[in-house]
Amino acid sequence: MATELKKKLPVKARKRKATPHSDLEPDTEKELAEFQDDDENRVELEANQRQRGDFTYSVRDMMIGFGDDMEPMEESVAVMKEFVVEYIHCMTKKAVDVSAVKGKLDTECFIFTIRKDQEKYGRVKDLLQANDELKEVLNSGFDPADEKVY
Numbered sequence: 001m002a003t004e005l006k007k008k009l010p011v012k013a014r015k016r017k018a019t020p021h022s023d024l025e026p027d028t029e030k031e032l033a034e035f036q037d038d039d040e041n042r043v044e045l046e047a048n049q050r051q052r053g054d055f056t057y058s059v060r061d062m063m064i065g066f067g068d069d070m071e072p073m074e075e076s077v078a079v080m081k082e083f084v085v086e087y088i089h090c091m092t093k094k095a096v097d098v099s100a101v102k103g104k105l106d107t108e109c110f111i112f113t114i115r116k117d118q119e120k121y122g123r124v125k126d127l128l129q130a131n132d133e134l135k136e137v138l139n140s141g142f143d144p145a146d147e148k149v150y
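In terms of the UniProt record's numbering, the sequence shown opens at residue 1 and continues consecutively.
Shown next, in the form of structure tokens:
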């Protein structure tokens, strides 16, 4: 798969974006110019440009978090995005196959598919436990402002 992607992507010089919003459509750039001083409107317009299920921004942010350049190459982001989408597709397909036996698709189906990978299994177990603890705190009515600090 990786060799196929290398063949598809032409080798070209690395481009730097002129502005942080150069990937937006021209109409959106005009709208952004009108609200340049208002950060809330800018964030809202950028959020409207992102499509549901588009991992481009998330993958780019993860690449930066794991030590890539502050502006990763668009080709690198595209390759990583393709890997992420393929992985999600594969894991979902496996979970759906497991759910055919069980009768419904739930978190247990996904846990079953990763049960042999101890690292992923441990991470999922920790995240689900943290999620349960967070739900308990939010549902308990706890207000940290009421607590006295000594």
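The beta carbon of each residue, even a glycine, is placed where N, CA and C say it ideally should be.
Run of the alpha helix (DSSP H) containing residue i, from where it starts to where it stops
| i | result |
| --- | --- |
| residue 123 | 118 to 140 |
| residue 114 | Note, residue 114: premise wrong, no alpha helix (DSSP H); not H, not E. |
| residue 63 | 56 to 65 |
| residue 100 | 74 to 102 |
Distance CB(residue i)-CB(residue j) smaller than 8 Å
| i | j | result |
| --- | --- | --- |
| residue 79 | residue 55 | no |
| residue 81 | residue 59 | yes |
Assumed close pair residue i, residue j - CB separation to whole angstroms, cut-off 8 Å
| i | j | result |
| --- | --- | --- |
| residue 138 | residue 107 | Their Cβ separation, rounded to whole angstroms, is 19 Å, which puts residue 138 and residue 107 out of contact at 8 Å. |
| residue 98 | residue 112 | 5 Å |
| residue 64 | residue 70 | 6 Å |
Any C-beta of chain D under 8 Å from that of residue i
| i | result |
| --- | --- |
| residue 88 | Of the chains in the structure shown, none is chain D; there is only one protein chain. |
Of the residues the options, the one placed nearest residue i, counting alpha carbons only
| i | options | result |
| --- | --- | --- |
| residue 109 | 116, 132, 124, 96 | 96 |
| residue 117 | 91, 62, 145 | 91 |
| residue 114 | 142, 143, 146, 88 | 88 |
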